[in-house]
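The structure appears right after this line, and notes come after that.
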Amino acid sequence: MIQLELSGGLEYEAGTNKTEFPSEGIHTIKDVFLLIQKTYPKLGAIFQDSTVIPGIIVLINDADWELVGLSEAEVSDGDVVSLISSIHGG
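Taking numbering that gives the first Met the number 0, the leading residue of the sequence shown gets 0, the next gets one more, and so forth.
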């Protein structure tokens, strides 16, 4: 299973702050993004092609995805993917 954690307001759009997805067929963070978009359509606005819009922090096992391969970063069973929004009104 791949664990997904949402925070910074994303949990309100998804209706949950944590969930798990089967890891079968999931090889990269891009695959996780596609699964999130299918499962939580309201979160679709944070994705653009195979990446996220500016202001969304993506962590894979607490490591910034920019340091581990961006959209081609490998994801496997037992990994934790965190999406954190730093976008807010003022």
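Glycine is no exception: its CB is placed at the ideal position from the N, C-alpha and C atoms.
Element boundaries [beta strand (DSSP E), containing residue i]
i: ILE1; result: 1-6
i: VAL79; result: 79-84
Residue nearest to residue i in terms of C-alpha spacing, selected from the options
i: GLU65; options: VAL51, ALA13, SER75, ASP78; result: VAL51
i: ILE1; options: GLU19, ALA13, LEU9; result: GLU19
i: GLY14; options: SER70, VAL79, PRO40; result: PRO40
i: ASP30; options: GLU12, LYS17, GLU71, SER81; result: GLU71
i: VAL79; options: ASP61, GLY24, TYR11; result: ASP61
Neighbourhood of residue i by C-beta, 6 Å cutoff - its chain only, sequence neighbours within 5 removed
i: ILE83; result: SER6, GLY7, ILE56
i: PHE93; result: Coverage of the chain is limited to positions 0 through 89, which leaves residue 93 absent and any answer about it impossible.
i: ASP115; result: Since the first residue of the chain shown is 0 and the last is 89, residue 115 is not available in this structure.
i: LYS17; result: GLU4
Close-in-space but distant-in-sequence residues of the same chain around residue i (CB under 7 Å, 5 per side omitted)
i: GLY43; result: GLN36
Alpha helix (DSSP H) segment containing residue i, residue limits
i: LYS17; result: Here LYS17 belongs to no alpha helix (DSSP H); instead the beta strand (DSSP E) covers 17-20.
i: LEU34; result: 28-38
Heavy atom of the ligand HEM within 7 Å of residue i beta-carbon
i: SER49; result: As presented, the structure is devoid of all ligands, the ligand HEM included, so that no description of it is given.
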